[in-house]
Amino acid sequence: MVNQQQAQAIVDQYLSSLETGDLEGVMALYADNARVEDPVGSEPLQGRAALTEFYNKAVAMVVAARSQGPVRTVANELVFAFEIESEYDGQRLAIEIIDHFVLNDDDKIIGMRAFWSDANMRPA
17 MVNQQQAQAI
27 VDQYLSSLET
37 GDLEGVMALY
47 ADNARVEDPV
57 GSEPLQGRAA
67 LTEFYNKAVA
77 MVVAARSQGP
87 VRTVANELVF
97 AFEIESEYDG
107 QRLAIEIIDH
117 FVLNDDDKII
127 GMRAFWSDAN
137 MRPA
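What follows is the structure, encoded as structure tokens:
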């Protein structure tokens, strides 16, 4: 069961790693067999190789990542709202996202779902 302090540390590392382009920092948070659905409704990715490929692209695009409120935790799950700014096709976009993490007993992410759509995007 993750406590508030542990959950906040996970989120802080996640956002900091995204913002600084630290692929290893992001991947250190995930279990080897983790599954990611980003955004919700897209084809889920599973396993270290697929997640490394996905996050390699993500950290290259993200130029800022900011929390938008407190982390909420229940048992081994947490949700948090945040905003990223990214460079994509010569445009700088802001995207408001809510992520849902499920953790294993070692506090590694085994499931991540990112809730966002075009409605959550705007020019930055």
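The opening position of the sequence shown corresponds to residue 17 in the working numbering, with each subsequent residue numbered one higher. Ideal Cβ placement from N, Cα and C applies to all residues, glycine included.
With a cutoff of 8 Å on beta-carbon distance, E35 and A66 are scored as not near each other. With contacts defined by Cβ atoms closer than 8 Å, M128 and V52 form a contacting pair.
Apart from sequence neighbours up to five positions away, the residues of its chain that approach Q22 with a beta-carbon distance below 7 Å are D123, ordered along the chain. Annotation for G41: the continuous alpha helix (DSSP H) segment containing it runs L39 to M43. Each residue's CA atom was taken as its position, placing Y71 and F131 some 16 Å apart.
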